[in-house]
Amino acid sequence: MSCFGLFGLPQIIRSFKYRDRGEIVCDILTTCKSSQEGRKKTQIMQSANLNYIQTRKYLGFMTNCGYISITQKETYVITAEGSKYLQMIQIQELTRMR
C-alpha cells in the first residue's frame with residue numbers, strides 16, 4: 000500500500016487542515032475552562048499548539064474582549080463572557096452537523 004496519493008503528495012499531508020482564528024480562540028477557552036485555578040501561558044501555548052508570539056497575541060485579544068482574565072498568580076481563567084461565547088460556538092457546531 001502506497002502512502003502517496005494524488006500528484007505524489009503523501010496522503011497524510013493532504014489531510015492536514017488549517018485552523019481559523021475562531022477555532023484557536025475556542026481551543027484556548029477550552030484549555031482555560033479545564034482548570035479552576037487557571038492555566039499558565041506555557042500550558043495554553045502547548046495545549047492550543049501555538050508559538051509564543053501567537054499565544055501572546057491571542058491572550059491579549061481575548062483579555063481585551065473579556066473572554067479570559069489574569070489572576071494574581073499569572074494564570075488565565077475563563078470568564079462568564081468567555082463561557083457564553085464557547086457555549087454559543089459549540090451549539091453552532093452541533094446545528095451545522097445536522
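Using the working numbering, you'd call the opening residue of the sequence shown number 0 and step up by one each time. All residues carry an ideal CB built from backbone N, CA and C; glycine is no exception.
Query: Reduced DSSP category for Arg55 - H, G, I as helix; E, B as strand; rest coil; Result: helix
Query: Cβ contact (3+ pairs, closer than 8 angstroms) linking the segment 37 to 47 and the segment 80 to 89; Result: no
Query: Which of helix, strand or coil DSSP assigns to Arg18; Result: coil
Query: Cβ pair count under 8 angstroms reaching 3, the segment 24 to 35 against the segment 47 to 59; Result: yes
Query: C-beta atoms of Thr62 and Ile52 nearer than 9 angstroms; Result: no
Query: Three-state secondary structure assigned by DSSP to Ser68; Result: strand
Query: Outcome for Gly37 when other beta-carbon atoms lying within 10 angstroms are tallied against a minimum of 16; Result: buried
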